[in-house]
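Chains as they are written, first to last, in this note's numbering: chain A, 1 to 212; chain B, 1 to 212.
Even for Gly, the Cβ is constructed at its ideal location relative to N, Cα and C.
Computed from a predicted structure; not experimentally measured.
2 protein chains.
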Amino acid sequence: MKVLVIGANGQVGTHLIKSLAERGHEPVGMIRNTDQVKAIEDAGGKTVLGDLEKDFSQALYGCEAVIFAAGSGPHTGADKTIMIDQEGAIKAIDEAKQQGIKRFVMLSTVGSDDPEKGPDNMKPYLYAKKRADEHLKATNLNYTILRPGSLSNDPGTGQIRAAESLEDKSGQIPREDVAAVLTEILENENTYHRTFEILNGDLSISDALGQL
Amino acid sequence: MKVLVIGANGQVGTHLIKSLAERGHEPVGMIRNTDQVKAIEDAGGKTVLGDLEKDFSQALYGCEAVIFAAGSGPHTGADKTIMIDQEGAIKAIDEAKQQGIKRFVMLSTVGSDDPEKGPDNMKPYLYAKKRADEHLKATNLNYTILRPGSLSNDPGTGQIRAAESLEDKSGQIPREDVAAVLTEILENENTYHRTFEILNGDLSISDALGQL
């Protein structure tokens, strides 16, 4: 499957390109400048230029699915939270609709279902993610919204827990496992029109997804 | 009509309380601290305590209409753009729905129909306003969305131009005139489910609204 990865240069994105390629997909990483080409190609992907703050419609041409794994990150201001996390995502969703690309996977976060319960300094980010998720849910795309808890850079374990709302949201999950889950759900129709949370656990990814 | 004014302490809000009171309405200004009571009472309004970043549902009790005229202003960061201009508005809309308050007037801005065309430094604000407006349009409330162009502190003239999309968006409009328009449209059913722009012009407010 030819799949556009938005945020390919991010911390999850790099694992994701590799994981998709290993699974036999054809990942295309959307990048903002050519310095990033080598890392994506080394991971087994192709690249296309596109900037979330501009018109990136051409990046979606010919793709069968879109995975939105971009984030403005903690080192930019809330203006980028609006422009990237919220509006970049909404533009990608609208563009997928426009181009008839039915499969859309959103990397969201635990807490975006109820931003008011989050810490004050996280609320703007959680609201931005919530609005993007809501925009996606209101489409007729075959969407999946994945909400991992706290991310770590530990090596992946392949072991997770998953639920619409995890009772215990403590713990972490390696970014490598998040990438593996994104890859696993791409063609898993059981996850269409679903929103769920993941964290480290003791089930294989396919077992955890099967129990949803 | 008992009407809650959110943003009563703002630059449009103070004119609005006065204008509503003069028209025989019963304006209630939502304020964050008791220092603001005197200004509202001097303008002819009552007050209720409420903070857009917290639960302010009690501020709406018993009101027949809500006018959202709050703005985080140019001196705060984009985190407040999300929390006040976007999410504060969305909370007010949801709360009006919840409490069965059918009439909702939103003070929006020229440019929020197409933020991409705005200057880069205004885009986050314009997107936040757009999302709030869209949220309102998706309800079954009797809404009106008013989008003035560039605001001035000149004295009101009572003369405006109005259209769904003004061909010529140059010029300004005094905040006092914006307040007069908000008051005029409150009970004007011709403006229900409508979104329109206003600027200085040469028609009386009622004539301009009648031509919509």
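key: From I198/A, L151/A, E167/A and F196/A, residue whose alpha carbon lies closest to that of R175/A   = Counted from its first residue, the first sequence places residue 175/A at position 175. The option with the nearest alpha carbon to R175/A is L151/A.
query = Using the rule of at least 16 other Cβ atoms within 10 Å of the residue's Cβ for burial, across every protein chain shown, is S108/B buried or exposed?
reply = On the second sequence, residue 108/B is found 108 positions in, with the first residue counted as 1. Flag for S108/B reads buried.
task = Select from H25/B, K169/B, I31/B and E22/B the residue whose C-alpha is nearest the C-alpha of G10/B.
result = Within the second sequence, numbered from 1, the residue matching residue 10/B stands at position 10. Per the Cα distances, I31/B.
ask   = Of the choices L166/A, H193/A, A43/A and E26/A, whose alpha-carbon is the least far from that of V218/A?
value = Nothing can be reported for residue 218/A, as the shown portion of chain A is limited to 1 through 212.
query = Assuming A89/A and F68/A make a contact with CB atoms under 8 Å, what is their CB distance in whole Å?
reply = On the first sequence, residue 89/A is found 89 positions in, with the first residue counted as 1. On the first sequence, residue 68/A is found 68 positions in, with the first residue counted as 1. Indeed they touch by this definition, with Cβ atoms about 5 Å apart.
request  = Answer yes or no: does any C-beta atom of chain A fall closer than 8 Å to that of R131/B?
outcome  = The count along the second sequence starts at 1 and reaches residue 131/B at position 131. Answer yes: the Cβ-Cβ gap between R131/B and chain A drops below 8 Å somewhere.
Close-in-space but distant-in-sequence residues of the same chain around A59/B (CB under 7 Å, 5 per side omitted) = As a first step, residue 59/B must be located in the second sequence, where it is residue number 59. Contacts found: L4, M30, V48 and G50.
query = When you check each C-beta in the segment 55 to 71 of chain A against every C-beta of chain B, which residues fall closer than 9 Å?
reply = D55
ask   = Would T191/A be called buried (16 or more neighbouring beta carbons within 10 Å of its own) or exposed?
value = Mapped onto the first sequence, residue 191/A falls at position 191. Buried is the call here.
key: K169/A vs L199/A beta-carbon contact at 8 Å   = Indexing the first sequence from 1 puts residue 169/A at position 169. Indexing the first sequence from 1 puts residue 199/A at position 199. Yes; because the gap between Cβ atoms is below 8 Å, this pair is in contact.
key: CB contact check: K2/A to chain B, cutoff 8 Å   = Stepping through the first sequence from its first residue, residue 2/A is reached at position 2. With 8 Å as the cut-off, K2/A does not count as an interface residue toward chain B.
request  = Determine, using beta carbons only, whether M83/A comes closer than 8 Å to chain B.
outcome  = Translated into positions along the first sequence, residue 83/A becomes position 83. True, the Cβ-Cβ gap to chain B drops below 8 Å.
query = If you follow the beta strand (DSSP E) that K169/A is part of, which residue opens it and which one closes it?
reply = Sequence index remark: in the first sequence, residue 169/A carries index 169 (1-based). Neither: K169/A is in no beta strand (DSSP E) and is coded neither H nor E.
request  = Would you tell me roughly how many angstroms separate the C-alpha atoms of D207/A and I185/B, rounded to the nearest one?
outcome  = As a first step, residue 207/A must be located in the first sequence, where it is residue number 207. As a first step, residue 185/B must be located in the second sequence, where it is residue number 185. Using only the alpha carbons, I get a separation of about 58 Å.
inquiry  = I'd like to confirm the pairing. Which residues does DSSP put opposite P27/A in its beta bridges?
reply    = One-based indexing of the first sequence puts residue 27/A at position 27. Bridge partners of P27/A: V3/A.
key: Contact residues within the segment 143 to 164 of chain A, judged by C-beta distance below 9 Å to chain B   = none
request  = Going by DSSP, name the residue or residues bridged to P148/B.
outcome  = Here residue 148/B corresponds to residue number 148 of the second sequence, with the count starting at 1. DSSP lists I198/B as partners of P148/B.
ask   = Going along chain B, which residues have a C-beta under 7 Å from D79/A?
value = Taking the first sequence and counting its residues from 1, one reaches residue 79/A at position 79. What D79/A touches in chain B, judged by beta-carbon distance under 7 Å, is A78 and P124, going in chain order.
key: Inter-residue spacing [alpha-carbon to alpha-carbon] between R147/A and A70/B   = Within the first sequence, numbered from 1, the residue matching residue 147/A stands at position 147. Within the second sequence, numbered from 1, the residue matching residue 70/B stands at position 70. Looking at the two C-alpha atoms, the distance is approximately 32 Å.
inquiry  = Could you compute how far the alpha carbon of K129/B sits from the alpha carbon of P74/B?
reply    = Here residue 129/B refers to the residue found at position 129 when the second sequence is read from its first residue. Here residue 74/B refers to the residue found at position 74 when the second sequence is read from its first residue. Looking at the two C-alpha atoms, the distance is approximately 14 Å.
ask   = Where do the N-terminal and C-terminal ends of the beta strand (DSSP E) with L107/A fall, by residue?
value = Your numbering for residue 107/A matches position 107 in the first sequence. Its beta strand (DSSP E) spans residues R103 to L107.
task = For T139/B, I'd like the list of residues in its chain whose CB is within less than 7 Å of its CB, leaving aside the five on either flank, ordered along the chain.
result = Position 139 of the second sequence, counting from 1, holds the residue named residue 139/B. Setting aside the 5 residues that flank it on each side, T139/B is surrounded in the same chain by I93 and K97, each with a C-beta closer than 7 Å to its C-beta; the list follows chain order.
ask   = Apart from the five residues on each side of it in sequence, which residues of its chain come closer than 8 Å, Cβ to Cβ, to G210/A?
value = Position 210 of the first sequence, counted from the first residue, corresponds to residue 210/A. Closer than 8 Å at Cβ, skipping near neighbours: N190.
ask   = In chain order, what residues of the same chain have a beta carbon less than 7 Å from the beta carbon of I82/B, not counting five sequence neighbours either side?
value = For this step, residue 82/B is matched to residue 82 along the second sequence. Excluding positions up to five away in sequence, the list reads A128.
request  = Using a cut-off of 9 Å between C-beta atoms, extract the partners of A96/A located in chain B.
outcome  = Here residue 96/A refers to the residue found at position 96 of the first sequence. Chain B residues near A96/A: none, gap ~18 Å exceeds 9 Å.
inquiry  = Please classify G111/B as buried or exposed, where buried requires at least 16 other C-beta atoms within 10 Å of its C-beta.
reply    = The residue you call residue 111/B lines up with position 111 of the second sequence. Burial call: buried.
key: Delimiting residues of the alpha helix (DSSP H) encompassing K18/B   = Position 18 of the second sequence, counted from the first residue, corresponds to residue 18/B. Taken as a continuous stretch (DSSP letters only), the alpha helix (DSSP H) holding K18/B covers Q11 to E22.
task = Could you tell me if G201/B is buried or exposed, where buried requires 16 or more neighbouring beta carbons within 10 angstroms of its beta carbon?
result = Numbered from 1 along the second sequence, position 201 holds the residue referred to as residue 201/B. Buried, since its Cβ has 16 or more Cβ neighbours within 10 Å.
key: Span separating the alpha-carbon of H25/B from that of M1/B   = Taking the second sequence and counting its residues from 1, the one referred to as residue 25/B is at position 25. Taking the second sequence and counting its residues from 1, the one referred to as residue 1/B is at position 1. The alpha-carbon atoms of H25/B and M1/B are separated by roughly 5 Å.
task = Confirm, please, whether the CB-CB distance from S72/B to D55/B is below 8 Å.
result = If you number the second sequence from 1, residue 55/B lands on position 55. If you number the second sequence from 1, residue 72/B lands on position 72. No, these two residues do not count as a Cβ contact at 8 Å.
key: Coarse secondary structure for N190/B, derived from DSSP in three states   = In the second sequence, residue 190/B corresponds to position 190, counting from 1. Residue state, collapsed to three classes: helix.
key: Assigned exposure category for D154/B - 16 Cβ within 10 Å defines buried   = Counted from its first residue, the second sequence places residue 154/B at position 154. Its Cβ having fewer than 16 others within 10 Å, D154/B is exposed.
key: Pair within 8 Å by beta-carbon distance, M106/A and L136/A   = On the first sequence, position 106 is the one that residue 106/A refers to. On the first sequence, position 136 is the one that residue 136/A refers to. Yes.
Of the listed residues K46/B, I101/B, L52/B and I205/B, nearest to Q159/B (C-alpha basis) = The count along the second sequence starts at 1 and reaches residue 159/B at position 159. Of the listed residues, the one whose Cα sits closest to Q159/B is I205/B.
ask   = Just by C-beta distance, which residues in the segment 171 to 192 of chain B are closer than 7 Å to chain A?
value = none
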